[in-house]
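Residue numbers (full-length UniProt numbering), protein chains in the order written: chain B, 1 to 417; chain Y, 1 to 417.
All C-beta atoms, glycine included, are put in the ideal place defined by N, C-alpha and C.
Set out below in structure tokens:
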């Protein structure tokens, strides 16, 4: 008998028919002899509907009341799912985040989990009940309902799995698992059987979109085995686990891309100690996420600084930078839009020099210009023109030997190798 | 500065426009220098929509999960109202029943309030916030959300007013107050300025529908002054308070009617000690509410027993009675449908003999047959044919001097006397 945490997103519980399908999945896991804790998000459009109501009342809704409002979405889902599971003759009970003992910071709208006190969950499991917990929410010390912000339900599931020392945390989604790259871009993309936390983290951060990075980080910290799998059929998905447990395979495990990149350059910055700190601290205070940073060699007392940000942050970043110009000798600000980032990820890179070179070579052969480069121990990212980004993904997927049997992937049902 | 509890029902918060109107009302009370605690029900049709969802999942939903589901209705209302009040520049905060410290029995769907621990409410009032509390719900000892059943939001408001020692509990509704009788039946019906708890209780039990009897009982027990008033304009409504504080007025204060009455008779019940207990205990166990009971004199060792129940309970009551027939010497069961109950209510009756006689006389003069009679210290009820019930109400309203100026009442704006 294993203890399994299963997480279902909003589209999996969007209507009564889908809720019944989730209930069947849960009941099957119980029938296989396992204890089950289920985490669910709000039904499909519920959250949007509630936000629309609030917008009719005020232009600047308080985050605290929005948490009170939006947390009802998951509360509806858990109650309905509990009813659906009971209808199959399986005893079950729903718990809000607060009732499940999910304690958070007192920060409305984006609280982080500070502790989990799973007393109630354990006592319900002890009497053979399926416990259905509201994702995305917790309770602050003074008893206010809080929400966890983006990726919240994934994080709830992983945190509960860690706290309960669950044998497995299953994240159900609308894809079959983690792929070597986006199957919509490369038809020969293959589902991975296994991937390490670090690789997943790079892929998640690089916009693979299957799992929220926050949840992956939490899983890594607490050693929670994660399984990403489809809620539409029963095939095994992708297991995310410690690198040590992984079969050694290909050096590059996946190719990610991000089409939403802008490069900003400050040309002719007067060289002075603390320049970089001043600039990037100011951007951080304005909540602008800076990704790749490149600085030129100092010549004649000035240098150039370039960095990439998300396109959406441009309108925030520019005024911040302009306000700083005088103290840096009034450098020019240049920006380059319509860029993309293409990255190769794989834990095997650490012990395999030459991977970056192979990447540059493949792109050069395809006549794709590399505008910036960034490396970590397990990834190499290149900034390229947006118009050639998808071609770059295809070229790299082939170059690093990731292409599978195209026909099988198109039908969407192949297992890796 | 007074502390005022204001309760708004579901139709008062049915859409954003109405929520804004309620917010305005609350803000005005604050502007007048008062502290305000608001109790709201779920928005209009929310509860029905949620029930419909549940019905698509299971035929026999568990009461515990229905409480989890339906309590979201009020949680949505309180958050939206808090936002609307904030939009007017008035600081406010919403609290679920549990957060407001409303402790209940652990009985899903119809829990009674066992205690109120208003610590959080008091601390929010202390920092000059309007506190908006979810009606109809509380929390059990183990932390489950419970609902209070019918009339729940009225009861929440009165219980909070008692616990907070509020100066007044205002119940906002779609009528202007408590009337001498249903204005749809008697155009000359008059709004009462004041009424005693006991009179209100008889009227509430008799189907006047303005206030739930449970809330009135609670108000009487704790001496909470209640004001029933319209949410559509600012006129003073009806104050419900202790009899001692009431101006002495007419003997009969109001006429109530109930068109939903069935009389059941057991003809030829073998006389034996404990008969009545056996019969009415069995009906009570089946949750059948028995109202008027009449027994005949015993002759030849048998007697007849008649009683009235609600029409909707007939299908439950008949099988219960049939199962008992053998032990009572197989009496005949007769039933008479299409009946109604007409009642006169007034605290002054206690010290005024002849009120019942005047009622019988007025009905006889109008050739309305009286089928059963029941009396209490402050009311007399007669069961009559349903077809003559409304005529009976009119006759009695006139006979006991309750008719007001018809024109004024029709326009709906007159004050009593």
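Proximity winner among the options, relative to residue i (alpha-carbon distances)
| i | options | result |
| --- | --- | --- |
| residue 138 of chain B | B:84, B:107, B:280 | B:107 |
| residue 311 of chain B | B:201, B:335, B:300, B:235 | B:335 |
| residue 163 of chain B | B:387, B:116, B:227, B:96 | B:116 |
| residue 30 of chain Y | Y:189, Y:2, Y:240 | Y:2 |
| residue 9 of chain Y | Y:324, Y:146, Y:122, Y:39 | Y:39 |
| residue 403 of chain B | B:185, B:295, B:196 | B:185 |
| residue 374 of chain Y | Y:15, Y:206, Y:282 | Y:206 |
| residue 369 of chain B | B:376, B:153, B:339, B:264 | B:339 |
| residue 158 of chain B | B:85, B:222, B:204, B:175 | B:222 |
| residue 97 of chain B | B:125, B:58, B:152 | B:152 |
| residue 253 of chain Y | Y:243, Y:279, Y:261 | Y:243 |
| residue 362 of chain Y | Y:142, Y:351, Y:344 | Y:344 |
| residue 11 of chain B | B:175, B:147, B:122 | B:175 |
| residue 385 of chain Y | Y:376, Y:220, Y:394, Y:342 | Y:342 |
| residue 366 of chain B | B:337, B:379, B:396, B:352 | B:396 |
| residue 283 of chain B | B:316, B:263, B:292, B:257 | B:316 |
| residue 291 of chain B | B:264, B:360, B:387 | B:264 |
Under 7 Å from the C-beta of residue i: neighbouring residues of chain B
| i | result |
| --- | --- |
| residue 16 of chain Y | 53, 56, 57 |
| residue 87 of chain Y | 57, 58 |
Buried versus exposed call for residue i [16 or more other C-beta atoms within 10 Å across all chains shown]
| i | result |
| --- | --- |
| residue 409 of chain B | With a pLDDT of only 32 at residue 409 of chain B, under 50, the local geometry of the prediction cannot be trusted, and the value read off the model is given with reservation. That one is buried. |
| residue 212 of chain Y | buried |
| residue 191 of chain Y | buried |
| residue 233 of chain B | exposed |
| residue 415 of chain B | Caution applies to residue 415 of chain B, whose pLDDT of 29 falls short of 50 and renders its modelled position unreliable; the value that the coordinates give is listed next. Burial call: exposed. |
| residue 326 of chain B | exposed |
| residue 229 of chain B | buried |
| residue 135 of chain Y | buried |
| residue 35 of chain B | buried |
| residue 50 of chain B | buried |
| residue 273 of chain Y | exposed |
| residue 199 of chain Y | buried |
| residue 411 of chain B | With a pLDDT of only 29 at residue 411 of chain B, under 50, the local geometry of the prediction cannot be trusted, and the value read off the model is given with reservation. Residue 411 of chain B is exposed by the Cβ-count criterion. |
| residue 308 of chain B | buried |
| residue 202 of chain B | buried |
| residue 45 of chain B | exposed |
| residue 60 of chain Y | exposed |
| residue 55 of chain Y | exposed |
| residue 65 of chain B | buried |
| residue 70 of chain B | buried |
| residue 379 of chain Y | buried |
| residue 236 of chain Y | exposed |
Closer than 9 Å at the beta carbon, the chain Y residues around residue i
| i | result |
| --- | --- |
| residue 196 of chain B | By Cβ distance, chain Y contributes nothing, its closest Cβ being about 39 Å from residue 196 of chain B, past 9 Å. |
Residues that residue i contacts on chain Y, provided the C-beta gap is smaller than 7 Å
| i | result |
| --- | --- |
| residue 99 of chain B | 143 |
Contacts of residue i in chain B (Cβ-Cβ under 8 Å)
| i | result |
| --- | --- |
| residue 108 of chain Y | The premise fails here: residue 108 of chain Y is roughly 11 Å from chain B at the closest Cβ pair, so nothing lies under 8 Å. |
| residue 94 of chain Y | 65, 68 |
Neighbouring residues, chain Y, relative to residue i (Cβ below 8 Å)
| i | result |
| --- | --- |
| residue 84 of chain B | 57, 58 |
Under 9 Å from the C-beta of residue i: neighbouring residues of chain B
| i | result |
| --- | --- |
| residue 50 of chain Y | 76, 79, 80 |
Delimiting residues of the alpha helix (DSSP H) encompassing residue i
| i | result |
| --- | --- |
| residue 371 of chain B | Run containing residue 371 of chain B: none; DSSP gives neither H nor E here. |
| residue 280 of chain B | 275-285 |
| residue 400 of chain Y | That residue, residue 400 of chain Y, is in no alpha helix (DSSP H); it is neither H nor E in DSSP. |
| residue 86 of chain B | 63-87 |
| residue 340 of chain B | Where residue 340 of chain B is concerned, there is no enclosing alpha helix (DSSP H), although the beta strand (DSSP E) it sits in stretches over 332-345. |
| residue 134 of chain B | Taken as a continuous stretch (DSSP letters only), residue 134 of chain B belongs to no alpha helix (DSSP H), being part of the beta strand (DSSP E) at 130-134. |
| residue 47 of chain B | 46-55 |
| residue 26 of chain Y | 16-31 |
Residue i, enclosing beta strand (DSSP E) - first and last residue
| i | result |
| --- | --- |
| residue 229 of chain Y | 226-230 |
| residue 256 of chain Y | 254-270 |
| residue 184 of chain B | Taken as a continuous stretch (DSSP letters only), residue 184 of chain B belongs to no beta strand (DSSP E), as it is neither H nor E. |
| residue 35 of chain Y | 35-40 |
Please list, in chain order, the residues of the segment 56-82 of chain Y that have any C-beta partner in chain B closer than 9 Å.
56, 57, 58, 59, 60, 61, 62, 64, 65, 66, 67, 68, 69, 70, 71, 72, 73, 75, 76, 78, 79, 80, 81, 82
Give, in chain order, every residue of the segment 120-149 of chain Y whose Cβ lies closer than 8 Å to some Cβ of chain B.
120, 142, 143, 144, 145
Relative to chain Y, which residues along the segment 18-39 of chain B have a C-beta separation below 9 Å, given in chain order?
19, 20, 23
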